[in-house]
Structure formats: C-alpha cells, structure tokens
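Undergrad:
Residue numbers (our numbering): 460 to 554.
1. For residue 509 and residue 540, I'd like the C-alpha separation in whole angstroms.
2. What does the alpha-carbon distance come out to for the pair residue 481 and residue 521?
3. For the alpha helix (DSSP H) containing residue 530, name the first residue and the last one.
4. Between the alpha carbons of residue 501 and residue 519, how many angstroms are there, rounded?
5. Would you call residue 511 buried or exposed, if buried means 16 or more other Cβ atoms sit within 10 Å of its Cβ?
6. Going by beta carbon distance, what residues of the same chain come within less than 7 Å of residue 463, once the five residues before and after it are set aside?
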C-alpha cells in the first residue's frame, strides 16, 4: 500500500522508517548533522522545507511533509488495512 505524505508525494508504506515532528528536529546539532549527511548523499527528496510539519524517513530518502505526524500515522494505519497487518502505536506527546 501507499501513503500520501503531502505535496503530491506518495511513498510505499513498506519503505517507511519514521515519521518525525519537524519542530522537534530544529536546533539539535545531531539532527542538523544527520540532515547535512543526507543532503550530501542526495537523499533529501524536496526542494524546500517551508511549512514542513513532519519529516518522513524512508529507506530511499528523507521527505518534508506539510501534514502533521499524527495524521500521517493515521494514514499509515489505514494503509495497513483492517487486519492490522502493520500495527503502529498511537502517537504520543512528551510531557
């Protein structure tokens, strides 16, 4: 199955590694270093990050998404079908 992650981008659900909140990634030196490595390797799959609410990591690259992490998680659950063949935990908030 496929998951629409926004900006006319669809990724195979089986390739998803993580869906991250873009706000939580800003300001961390480790995250900045990760994104710099991904960019230099050509794995950043976007021309701009303006308005990104989520960062979607896949086996093939890194995608910014204007859709919230919670909504993307729901789409992944829906793509897994009613059998729950690909169960994911409900997103939680720290705090």
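Glycine included, C-beta positions come from ideal geometry on N, C-alpha and C. Every value quoted in this text rests on a predicted model; they were computed, and no experiment measured them.
TA: Taking the geometry as given:
1. 32 Å
2. If I take the Cα positions, the gap works out to 12 Å.
3. 528–538
4. Looking at the backbone, the Cα of residue 501 and that of residue 519 are separated by about 10 Å.
5. buried
6. 469, 534
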